[in-house]
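Trainee: Numbering (my numbering), first residue to last: 7 to 130.
From the three backbone atoms N, C-alpha and C, an ideal C-beta is built for every residue, glycine too.
Please read these numbers as outputs of a predicted model, since none were measured by experiment.
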């Protein structure tokens with residue numbers, strides 16, 4: 007039981023890391039695009055040299071390692087739905103951090119995903 011609880015906490019950390027990676031990449035990709043006349047090469051180079059982009063890449067890689075570790079401790083039918091929290095957390099972060107808008111139907115979908123994760127957690 008202890009290993010399972012520890013794995014669930016690791017998965018939640020991984021979900022936060024993936025959400026960070028997505029938001030950080032969105033912010034930096036948008037900020038660095040700036041001049042539309044700039045060449046693709048200089049744009050790619052600026053992305054490759056940006057520390058925030060690298061932090062997002064590292065966060066995503068660490069989340070991937072956590073995913074693999076979680077698979078050793080829990081069933082895939084539990085791990086995968088828990089990772090689906092990314093699909094709830096990223097849109098919420100987009101609203102809070104990026105000022106994006108969520109239409110009602112999308113909010114309903116996020117609530118359904120969250121409820122599904124809760125149900126899976128009850129059976130795991």
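Count the other CB atoms, across all protein chains shown, that sit within 10 Å of the CB of residue 26; report buried if there are 16 or more and exposed otherwise.
Mentor: Walking along the chain shown from the start, residue 26 turns up at place 20. By the neighbour-count rule (16 or more Cβ atoms within 10 Å), residue 26 is buried.
Trainee: How would you write the range of the alpha helix (DSSP H) that residue 52 sits in, first residue to last?
Mentor: Taking the first residue of the chain shown as 1, we reach residue 52 at position 46. 46–54 is the span of the alpha helix (DSSP H), which, as asked, contains residue 52.
Trainee: Given a cut-off of 7 Å on the beta-carbon distance, is the pair residue 90 and residue 24 in contact?
Mentor: Looking up residue 90 in the chain shown gives position 84. Looking up residue 24 in the chain shown gives position 18. Their beta carbons are not under 7 Å apart, which means residue 90 does not touch residue 24 by this criterion.
Trainee: Give the C-beta separation of residue 140 and residue 13 to the nearest angstrom, bearing in mind that I take them to be a contact with Cβ-Cβ under 8 Å.
Mentor: Residue numbering for the chain in the displayed model covers 7 to 130; residue 140 lies beyond these limits and cannot be assessed.
Trainee: Look up residue 131 in the DSSP assignment and say whether it is helix, strand or coil.
Mentor: This structure gives no information on residue 131, because the portion of the chain shown stretches from 7 to 130.
Trainee: When the Cα atoms are used, what is the spatial distance from residue 98 to residue 57?
Mentor: Here residue 98 refers to the residue found at position 92 of the chain shown. Here residue 57 refers to the residue found at position 51 of the chain shown. Straight-line Cα distance between these residues: approximately 24 Å.
Trainee: If contact is defined by three or more beta carbon pairs under 8 Å, each pair taking one atom from either stretch, is the segment 103–119 in contact with the segment 26–40?
Mentor: Contact between the segment 26–40 and the segment 103–119 is present, because at least three Cβ pairs lie under 8 Å.
Trainee: So, at 6 Å on beta carbons, what are the nonlocal neighbours of residue 3 in its own chain, with the 5 sequence-adjacent residues on each side left out?
Mentor: Since the first residue of the chain shown is 7 and the last is 130, residue 3 is not available in this structure.
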